[in-house]
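Remarks on the structure that follows.
4 protein chains.
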Amino acid sequence: MHDEPIMDLAHLGHLELLTPKPEESLRFFVDVMGMTESGRRGDSVYLRAWDDYETYSLQLTGSNTSGLGHAAFRARSPQALQRRVKALEDSGLAIGWHENEFGHGPGFRFRDPDGHVLEIYYETEWYNAPPELRPALKNQAQRFPARGANVRRLDHFNCLAVDVQANRLFFEKYLGFRNTERIVLNDGTEAGMWLTCTNKSYDFAYTKEEHGVGGRFHHITYALDSREAILVAADIFLENGVFIETGPHKHAVQQTFFLYVYEPGGNRVEVANAGARLVLAPDWKPIVWTEEERKKGQAWGLKTIESFHTHGTPPLPEYMTKGEAETGATAGVDDLSEKGIAS
Amino acid sequence: MHDEPIMDLAHLGHLELLTPKPEESLRFFVDVMGMTESGRRGDSVYLRAWDDYETYSLQLTGSNTSGLGHAAFRARSPQALQRRVKALEDSGLAIGWHENEFGHGPGFRFRDPDGHVLEIYYETEWYNAPPELRPALKNQAQRFPARGANVRRLDHFNCLAVDVQANRLFFEKYLGFRNTERIVLNDGTEAGMWLTCTNKSYDFAYTKEEHGVGGRFHHITYALDSREAILVAADIFLENGVFIETGPHKHAVQQTFFLYVYEPGGNRVEVANAGARLVLAPDWKPIVWTEEERKKGQAWGLKTIESFHTHGTPPLPEYMTKGEAETGATAGVDDLSEKGIAS
Amino acid sequence: MHDEPIMDLAHLGHLELLTPKPEESLRFFVDVMGMTESGRRGDSVYLRAWDDYETYSLQLTGSNTSGLGHAAFRARSPQALQRRVKALEDSGLAIGWHENEFGHGPGFRFRDPDGHVLEIYYETEWYNAPPELRPALKNQAQRFPARGANVRRLDHFNCLAVDVQANRLFFEKYLGFRNTERIVLNDGTEAGMWLTCTNKSYDFAYTKEEHGVGGRFHHITYALDSREAILVAADIFLENGVFIETGPHKHAVQQTFFLYVYEPGGNRVEVANAGARLVLAPDWKPIVWTEEERKKGQAWGLKTIESFHTHGTPPLPEYMTKGEAETGATAGVDDLSEKGIAS
Amino acid sequence: MHDEPIMDLAHLGHLELLTPKPEESLRFFVDVMGMTESGRRGDSVYLRAWDDYETYSLQLTGSNTSGLGHAAFRARSPQALQRRVKALEDSGLAIGWHENEFGHGPGFRFRDPDGHVLEIYYETEWYNAPPELRPALKNQAQRFPARGANVRRLDHFNCLAVDVQANRLFFEKYLGFRNTERIVLNDGTEAGMWLTCTNKSYDFAYTKEEHGVGGRFHHITYALDSREAILVAADIFLENGVFIETGPHKHAVQQTFFLYVYEPGGNRVEVANAGARLVLAPDWKPIVWTEEERKKGQAWGLKTIESFHTHGTPPLPEYMTKGEAETGATAGVDDLSEKGIAS
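Residue numbers (my numbering), protein chains in the order written: chain A, 1 to 343; chain B, 1001 to 1343; chain C, 2001 to 2343; chain D, 3001 to 3343.
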């Protein structure tokens, strides 16, 4: 009889994003994405989508660069948190407890093999909407904003990793994530992998960092209710001079309907919809995509844009990207508007 | 050989709505419907949807009651305007020229047999968006607002009439409107008729006034791009405590996907989508619905709500509605919220 | 420290529906719903939606009446199955092992307090599409059919129960289901409850049986990818003379976008979409709706149709429904078309 | 006072497409597009979309090559037809009357300056659905098929022309079409123009033929009701091994949501949705796009695919396309599937 699956993590809780343009980034997330500020502390503004049940899902932190501050998962129970902390302490990658955070209880921080900082926690503050943001229906966290793209809830994130497989094995072994799909190149190395701890087909993904630099970030994704909502969001990005990198289109991997833009701080942001797709099988067998299959591009034939393989945050040092079409790594909305999206 | 169709009117241009609660009505049309103010004069505020090419499509006029001020159609050419003025002068229902109007040239006013005031004009001011409202794409009148229901353009209106058939014959004979669908009761009287001067299957409709009072108004309709947009609008109305009378659902007549609400001044407002339906046939034969067919309700079985037959603006004198379920005829958002839509 | 949540059940696997009109029911599920036959045995035909990963999600069994044969949940692991069997053996409601079933391994059957038959199992056969039904994308179980309503996957079911609360407590205690929402009347009795073992906000629901008859069935639900897909399905039902009971509209409870029809055997069938709504919180606090709140009707004001409280399968004996508007309990498509949905 | 607009043409009626693979093309239009056969004569099969009011909108003719047989517009009245015939006789490009056509009365044929064959007619046969195809709602031509992409109605077509401007002036002068948008290159030549005789923003378009060959065809377009329906169609094309050239995406010009595929005979086919966009202004001023603006690609940044400028039907002689990425000019579904869209 096989080991039982580890069910100790409940879901992705929040991301901390660094931005060198905190005011412009904040305006992007509030006015264009339609998110709500739920608090400030130090250099950070805490933001939420209207269906996030916790106080926030995005910690936006002013910095001298862009990229991921940390990503945090909520454990299923206090006991589950303790079990994972113990496992992580054995992993050699533990950082330790982090107290007094905004909106949630003690978090245990650690690094993945690529160097990104992650966190697990259990205790959390449920969002308590002020009167003017109270929803009409009591089974909803906050009033629908009717502003900008109206993103619904944090869905997933994507990091770059120099050794994708090493990171997959780490998350599977120490945290119990399940791998639903992955890309394996002809030489046997993994170019991408998608992991879940829920019925969503992925809660995060890691794809190949081509320059050998650790700890880089690829994108954060918020879910919308329909593909039509993503098409409307595309118009809203266009009207606001936001740089649209690629999409809307449907991924072959995971079949998500996607749209990628860069926020003013240079971080890639996705809005996505999965339709009614869920991974319900407890023994789901990972789908393995070959190098040849991936060359076919996205589901309906769109070729994967070059910058999707090169642009990450923080930006690479200049000597690494000579001759590459690195688009807008640290560019803000103003700079990007010159790239000719809007007339 | 038959007479050729009269093609002298180009489209519905704008409506003037009266409201006893001008501030609340204005907030409804701007914040909830997502419209833009393009000017003020006297007791009127002029409002537009983002795809209206003229300066405005709604003149909102403060008044001691609700209902229709006037409805205006744009002629196809100066010559066409002259031809229709001449025909109207023969009709015995002409009022005369109306000068110095906001946003358009001389309008010729007249009454329909039921007493509503209408107008035709040719010269008009195209909307010139200020810098902050300029769209990204030059073939669009105004930036997509990303606020509230984001209504796209004025679509049609609906008046009540004591003698529906007399009004149909008037509009056909003197103005060249074409009848696409109508309801004929078992006793031969017409209970509703839909007229067009475009490829839309109707630009306005008249339905039966049951109390014998002339000049009453049923609803104004703005078009949205998709049925999904109307479902999103339903949530926005719900969140804003706007009284939803009926819908979203699909009409059997004309197959429009509809949603009806009352604006704070008591006037019924519809948001609708027709899909890709157009009436292209120049010799379209009117669809005639029988009394029995109409009893089946709407396309998917929703029964037509009683207030749809009784609620119009201005409200009826109280002695006429004793015992009737007259819902919110003069009621504003505050009063209607007691009717229990929102918790 | 609280007890940890029981995570032993993975998801709803399949339902067995009884039908007195097996041929008509089969045609409904294949031609109108867009499902695929994956096998036959005895009086049963096994059917699947294109995204179901197991061999089937609906066992349609010819019978002298309508209603639920049994409902089956897949366990998360062999060990989890054993734990739940042990718990059920203590419950006094165990039936015992059921072998040699089509498409899955040994199932352990039991009754809920209201008398419905349920089953849990772990071993299962993944669907292996024949060449002509192989999908273009390898992460999909079966080719998209492009026929009828194209239902995607089994979503949930709803039974009637004389004592709703007793059934909720049974499922919580012995199987670890989590209650996300419920209706509690002014006298303290429960009128409805929604339970989940996944991140869907419910995998099944029980609502009040008003006549004191046990073991009755309310509806089976298939998920579609968008609300637009449900509107298209409404047209398809209309064109095929299928009786539409109510909808499309949005539930206040759970906020699901719904559409209810009766299949030819008399069983109620729903197509639904939840948008991107998931219950991710491991400690979700049940939403409790009061009697007053429920009287407001559905999210956008649609009143709950009377038959929604009375129609279940199998039909009630005639003496129980005297004077009630029992619509089409055993009626087939032919009979229902007389009720005047289609012209 | 300006001349009045000519309103003599009512709408695009039908297209005749040539195909070297008549059986495969027929299967594509019936099974994948969801169209219905309404008759056969000689080498032609006549096909219709469910909302076309005339007998057919597509004449599919077996041939030794691909491309346009002819395109036909319906006149607004018998008198209007006579006026346009007289004008065409003065143009020097008249061919003459064509009698005994399937489904409509006498058609007057002519050539445009680029050599395409066109036709105008007035008398027509309205579609009379056989019992099994009768719709539930009497204001609809035919039952919704619930098969394949379910295309609704013929929307427009696009031809290539060596001298775009000369063709625009011809259609404006002799037939009264109105130009809504066009592309003017830096050297003053026109690269594209869109013409309408309805409230649709275009009924056909001509774009630049780069090889100096006259009479070539670019694409035929059927309208769907929503952008979501086009996304569903993309999946259906994918599942059926149909070559998807580009899309779904939103055009900057005309803002149409588009998806282009090649039918087995090599002709380009589009499914499109315009939202609620209509050109209602009778004096619409053409939008002129510059060379620089067009280089920005489509509305949300998709670069216009190279084959969009080179692929037309019939295919060019081989010596003209040396070194060009001419994709699938005469290729059928089987050949195209090797290009790697479907796994």
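Glycine included, C-beta positions come from ideal geometry on N, C-alpha and C.
Where B:A1071 is concerned, the enclosing beta strand (DSSP E) starts and stops at G1067 to A1075. DSSP, read as helix, strand or coil, puts B:Y1319 in helix. For C:L2137, the neighbours in chain A by C-beta distance under 7 angstroms run, in chain order, A252, Q255 and A299. Closest in C-alpha terms to C:Q2142, from the list C:E2037, C:P2113, C:C2159 and C:N2167, comes C:E2037. By the Cβ rule, the stretch 1058-1065 of chain B does not count as touching the stretch 1155-1166 of chain B, because fewer than three pairs are nearer than 8 angstroms.
For the stretch 3092-3125 of chain D, there are no residues whose beta carbon sits under 7 angstroms from a beta carbon of chain A. With fewer than 16 other CB atoms across the displayed protein chains lying within 10 angstroms of its CB, B:H1002 is exposed.
When C-alpha distances from B:H1014 are compared across B:D1203, B:R1216 and B:A1276, the shortest belongs to B:D1203.
Residues of chain A with a Cβ closer than 8 angstroms to the Cβ of D:I3244 are, in chain order, W300 and G301.
Within the DSSP secondary-structure output, B:V1164 pairs in no beta bridge.
Around the beta carbon of B:W1194, a 10 Å sphere encloses 16 or more other beta carbons of the protein chains shown; the residue is thus reported as buried. Listed in chain order, the positions of the stretch 1224-1236 of chain B with a beta carbon within less than 9 angstroms of a beta carbon of chain C are S1226, R1227, E1228, L1231, A1234 and D1235.
Secondary structure at A:V117: strand, using DSSP grouped into helix, strand and coil. Neighbours of B:M1007 in chain D, taken as residues whose beta carbon is under 7 angstroms from its own, are M3007 in chain order.
Looking at B:N1150, B:G1192, B:H1011 and B:K1303, the one whose alpha-carbon comes closest to that of B:Y1222 is B:N1150.
One thing to note: D:A3071 has its Cβ within 7 angstroms of the Cβ of D:F3157. Rounded to whole angstroms, B:G1247 and C:P2248 show a C-alpha spacing of 9 angstroms. The shortest CA-to-CA distance from A:G192 to any of A:W50, A:N179 and A:K200 is the one to A:N179.
Neighbours of A:A49 in chain B, taken as residues at a C-beta separation under 8 angstroms, are lacking, since the least C-beta distance is about 15 angstroms. D:T3189 is classed as exposed because its beta carbon has fewer than 16 other beta carbons within 10 Å across all chains shown.
Here D:E3291 is exposed. Its C-beta has fewer than 16 other C-beta atoms within 10 Å. Taking a Cβ-Cβ cut-off of 8 angstroms, the neighbours of C:K2200 in chain A comprise N199 and L278, given in sequence order. At a cut-off of 7 angstroms, the C-beta of C:P2282 has a neighbouring C-beta in chain A. The beta carbon of B:I1244 sits closer than 8 angstroms to those of A1234, F1237, L1238, L1259, Y1260, V1261 and I1341, all from its chain and outside the five residues before and after it, given in chain order. In this model, C:R2083 and C:D2008 are separated by some 8 angstroms (Cα to Cα). As the crow flies, the alpha-carbon of C:E2119 is around 27 angstroms from that of C:K2285. B:A1146 belongs to the set of residues whose beta carbon lies under 7 angstroms from a beta carbon in chain A. In this structure, B:S1063 sits away from D:E3004, with a CB-CB distance that is not shorter than 7 angstroms. Where C:Q2059 is concerned, the enclosing beta strand (DSSP E) starts and stops at L2058 to G2062. Closer than 7 angstroms at the C-beta level to chain D, one finds these residues of the stretch 1180-1194 of chain B: E1181. Listed as beta-bridge partners of A:F243 by DSSP are A:Y262. Here A:A129 has P135, A141, Q142 and R143 as same chain residues with Cβ atoms under 8 angstroms from its own Cβ, once five neighbours each way along the sequence are excluded. Our two residues, A:E306 and A:Q298, have alpha carbons roughly 13 angstroms apart in a direct line. Residue pairing by DSSP puts D:F3257 in a beta bridge opposite D:K3250 and D:N3273. Within the stretch 122-181 of chain A, the runs of beta strand (DSSP E) at least 3 residues long that lie entirely inside it are, in chain order, 153-161. The Cβ neighbour count for D:T3256, taken over all protein chains shown within 10 Å, is at least 16; the residue is labelled buried.
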